[in-house]
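Scroll down for the structure; my scribbles are underneath it.
This is the structure we're talking about:
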């Protein structure tokens, strides 16, 4: 693959799943002879929601919930055909969203 690179964006709610997936992708790409840049941790998105717990009054009684979205970015420079085949055969956990783009 001449002068192409593969950009992989990973997104998950659990940082342990995303770290395990990035480690697996990096190991697979390096075994096939590709150069890997990353994983680069992107900013964590925190969504907070406040819910009133009492049914009628008591505005002071509230629960707060938070969900964090973790993101990682990786570039695979000069991938070979073996690299692409190996990445297509990877079985990542279901809690990780993977976006792959060629440039």
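Residue numbers (the working numbering): 151 to 253.
Note that CB positions come from ideal geometry on N, CA and C, so glycine has one too.
Under the three-state DSSP convention, the category residue 207 falls into:
The count along the chain shown starts at 1 and reaches residue 207 at position 57. It is coil, neither helix nor strand.
Counting Cβ pairs, one atom from each stretch, are 3 or more of them under 8 Å apart for the stretch 166 to 177 and the stretch 198 to 205? Contact between the stretch 166 to 177 and the stretch 198 to 205 is absent, because fewer than three Cβ pairs lie under 8 Å.
Would you say the stretch 242 to 253 touches the stretch 171 to 185, given that touching needs at least three Cβ pairs under 8 Å?
-> Judged by Cβ distances under 8 Å, the stretch 242 to 253 makes contact with the stretch 171 to 185, as three or more pairs qualify.
Nearest to residue 224 (by Cα), restricted to the options 250, 211, 193, 153: Numbered from its first residue, the chain shown carries residue 224 at position 74. Sorting 250, 211, 193, 153 by C-alpha distance to the C-alpha of residue 224 places 250 at the top.
With DSSP run on the structure shown, which of helix, strand or coil describes residue 182?
Working through the chain shown from its first residue, we reach residue 182 at position 32. Residue 182 falls in the coil class under three-state DSSP.
*Can you list, in chain order, the residues of its chain whose CB lies under 6 Å from that of residue 162, leaving out five sequence neighbours each side?*
Here residue 162 is taken as the residue at index 12 of the chain shown, counted from 1. By the criterion of a C-beta distance shorter than 6 Å, residue 162 is surrounded in its chain by 168, 220, 245, 246, once the five residues flanking it on both sides are discounted.
| Are the beta-carbon atoms belonging to residue 175 and residue 252 less than 8 Å from one another? | Taking the chain shown and counting its residues from 1, one reaches residue 175 at position 25. Taking the chain shown and counting its residues from 1, one reaches residue 252 at position 102. For residue 175 and residue 252, no; Cβs fall outside 8 Å.
Taking DSSP's pairing of strands, which residues face residue 250 in a bridge?
Looking up residue 250 in the chain shown gives position 100. Residue 250 is bridged by DSSP to 158.
Item to check | Contacting residues, own chain, Cβ-Cβ under 8 Å from residue 183 (five flanking each side not counted) | outcome: Here residue 183 corresponds to residue number 33 of the chain shown, with the count starting at 1. Cβ-Cβ distances below 8 Å link residue 183 to 230, 232, 233 in the same chain, with the five nearest sequence neighbours on each side left out; the list follows chain order.
How far does the alpha helix (DSSP H) with residue 233 in it reach, from first residue to last?
Position 83 of the chain shown holds residue 233. Secondary structure note for residue 233: its alpha helix (DSSP H) is the uninterrupted segment 231 to 239.
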